[in-house]
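A quick write-up on the structure given underneath.
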Ligand SMILES: [Zn+2]
Ligand SMILES: [Zn+2]
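In full-length UniProt numbering, the protein residues as written are 1 to 396.
Below, the structure is given as structure tokens:
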């Protein structure tokens, strides 16, 4: 294994400039959502120059490339889309498009994955296949489905991804066992009844009372319908009904979010909310219609993927510089990949160590480019570690 790692590290050290250059080109021309043709062109061109055979996804946005051969395939995934957000840095390679920027660091992720792909491609014959995936539309959450629809995850033994962490100094990397991001669903509850005079609630359906009962009862009941460690939380942000003090309205609506920390909690959430809203509404005789919109499942790192990723990180940044990230309450569409293969996601520190600390999705976000080599090495080392580990594929 050390031969592969030395070859990967040697190549990356001498080609760091090229990777920074690619990152800056992507950074200066941010593209949104599924529509990333220019970014895809840049990545494709570089892979073709290296003699590789990238395959663009149907529609031409995003691509995947296989390196090495054999039945064992390990995936590495980078997201490549930007945000509809004005860049507020004065970087010489700042976004040239008004109102768009790479404020989530996906340009860095593309450079990590490109570094890993090219370094693996020139290494001695690999112990299996590495599929490097450049995915559009993470921010808009459609990209994972596109990757799945293109069959890119078929046959993968496991798949890994990294995300920039602007609150952690460059030179550090981290991952955690279990969920590293959270799930957030949206729920809209419409109640209706005949309406009427507040003097005669017994002849109508007291809709304001019914809405209030749902608001005060359903969150508590829902949290008791799953394991408390799933951290399932229903919070309403909007309630609308009525206008006159003495008239019972005939329509009312509640809007809220359903957040959960685990995959099991997310799987159970929709049914639990629907059932409990129906049951509480039935007590009030209000008619109910529930519009429940699924977000993304949490990215749930499985034990082997976690350990492979952590081992690679320790080899790259040193054991003392591997930290334990907190679970983010944000969503990440890499969570869908876990339906097809065990996943491992980690974070790479990109804070330069001086100057104000910015957050992801802020126009002032700046990533230290020294993290590119770290991200590329972690991905490539993880792939080698995974392909040389005992197989978890069913045999025979
Ligand atoms: Zn983002
Ligand atoms: Zn992101």
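Here a beta-carbon is modelled for each residue, glycine too, at the ideal position from N, C-alpha and C.
Cβ neighbours of residue 303 within its own chain (closer than 8 Å, five residues either side excluded): 177. In the structure shown, the three-state DSSP call for residue 202 is helix. Taking the Cα of residue 213 as reference, the smallest distance to any Cα among 254, 306 and 171 is reached at 254. In the three-state reduction of the DSSP assignment, residue 226 falls in the coil class. For residue 81 and residue 114, the gap between their C-alpha atoms comes out near 15 Å. Not a single heavy atom of ligand 2 lies less than 8 Å from the C-beta of residue 126. Between residue 288 and residue 335, the C-beta spacing is not below 9 Å.
With respect to the 9 Å criterion, residue 208 and residue 182 are not classified as neighbours on the basis of their beta carbons.
Short of 7 Å from the beta carbon of residue 170, and not among the five residues preceding or following it, lie these beta carbons of its own chain, in chain order: 349, 350, 351, 352, 353, 368, 370 and 371. In this structure, the alpha-carbon of residue 14 lies about 59 Å from that of residue 275.
Within the same chain, and ignoring the five residues on either side of residue 217 in sequence, the residues whose Cβ sits closer than 7 Å to its Cβ are 280. Any heavy atom of ligand 1 counts here; residues with a Cβ closer than 6 Å to one of them, in chain order, are 104, 139, 360 and 361.
Cβ neighbours of residue 211 within its own chain (closer than 7 Å, five residues either side excluded): 191, 239, 241, 252 and 254. Per DSSP, the unbroken alpha helix (DSSP H) holding residue 114 starts and ends at 106–122. In this structure, the CA atom of residue 339 is about 31 Å from the CA atom of residue 46. By the beta-carbon neighbour count (other beta carbons within 10 angstroms, threshold 16), residue 391 is exposed.
The criterion of a C-beta distance shorter than 9 Å is satisfied by residue 153 and residue 75. The Cβ atoms of residue 382 and residue 160 lie closer than 9 Å to each other.
Rounded to whole angstroms, residue 384 and residue 20 show a C-alpha spacing of 24 Å. Residue 277 sits away from residue 343, with the two beta carbons spaced by 9 Å or more.
As a beta-bridge residue in DSSP terms, residue 351 pairs with 169. In this structure, the CA atom of residue 104 is about 31 Å from the CA atom of residue 4. Cβ atoms of residue 30 and residue 102 come within 8 Å of each other, at about 5 Å. Three or more beta-carbon pairs separated by less than 8 Å are not found between the stretch 307–327 and the stretch 265–273, which leaves the two stretches without contact. Proximity of the beta carbon of residue 107 to ligand 2 is not indicated: no heavy atom of the ligand is located closer than 8 Å.
A direct Cα-Cα distance of roughly 9 Å separates residue 40 from residue 135. Scanning its chain for C-beta atoms nearer than 6 Å, with the 5 sequence neighbours on each side dropped, one finds around residue 233 the residues 259, in chain order. In terms of CA proximity to residue 63, 79 leads the group 70, 69, 79 and 71.
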